[in-house]
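Notes for the one structure printed next.
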Amino acid sequence: MYRLVDSKVYYEGKVLKLQVDEIEYTLTNNKGIREIAIHPGGAVIVPIKSDGKLVLVKQFRYPLKKELIEFPAGKLDNDEDPLICAKRELEEETGYLSDDINYIGKIYTAPGYCTELLHIFFAENLREGNHKREEGERGMQILELTQHEILDLIKNEQITDSKTISALFYLQSKELIKF
Numbered sequence: 259m260y261r262l263v264d265s266k267v268y269y270e271g272k273v274l275k276l277q278v279d280e281i282e283y284t285l286t287n288n289k290g291i292r293e294i295a296i297h298p299g300g301a302v303i304v305p306i307k308s309d310g311k312l313v314l315v316k317q318f319r320y321p322l323k324k325e326l327i328e329f330p331a332g333k334l335d336n337d338e339d340p341l342i343c344a345k346r347e348l349e350e351e352t353g354y355l356s357d358d359i360n361y362i363g364k365i366y367t368a369p370g371y372c373t374e375l376l377h378i379f380f381a382e383n384l385r386e387g388n389h390k391r392e393e394g395e396r397g398m399q400i401l402e403l404t405q406h407e408i409l410d411l412i413k414n415e416q417i418t419d420s421k422t423i424s425a426l427f428y429l430q431s432k433e434l435i436k437f
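With the working numbering applied, the sequence shown covers 259 to 437.
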């Protein structure tokens, strides 16, 4: 398919590395350049309350310069177990705790240029904990919505976050929720 000719990391930050690979296609010997954002991955947590409502957050996303409605999520620390990350993000962003957290799937967020893999979990039997928000999360709002309300927000393009839409699909396809 191809062979790697050269690879160089041009930037290494707190969240990602930027790498440029020079490749050569084995069938044609044509050369190509691939720019890659190397990301450690993350975890998404879908909190489900006893009344069936799902807990989402509305938060400002700096790269887009606007607020998004999404399920809580966060970046994995070095070699962190995604379940540990999911538990941390649940409490940090929503103030809830749960010992009943289950894995439901995974998604690659932008496989054309980024290695980010998100692991998706759902949490039931929520109990009150303490918010432990980071600096950029202080203005975050908590939303408790029914599945139908979330679906309407997706249809009306008020929820456009891919991990949230994917997580809702996983819940429905695994029959954990029904529309």
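Glycine residues also receive a C-beta, built at the ideal position from the N, C-alpha and C atoms. Since we're looking at a predicted model, the values are computed, not measured.
- Counting along the chain, the unbroken beta strand (DSSP E) around Ile-294 starts and ends at 289 to 296.
- Asp-357 and Asn-388 have their C-alpha atoms spaced approximately 15 Å apart.
- The distance from the Cβ of Ala-295 to that of Leu-276 is about 6 Å, consistent with a contact at the 8 Å cut-off.
- In the displayed model, Pro-340 falls within a helix according to three-state DSSP.
- The continuous beta strand (DSSP E) containing Ser-265 extends over residues 260 to 270.
- Under the DSSP assignment, Leu-314 falls in the beta strand (DSSP E) whose first and last residues are 312 to 319.
- Around the C-beta of Lys-272, fewer than 16 other C-beta atoms lie within 10 Å, and the residue is accordingly described as exposed.
- Phe-379 is bridged by DSSP to Ile-303 and Tyr-361.
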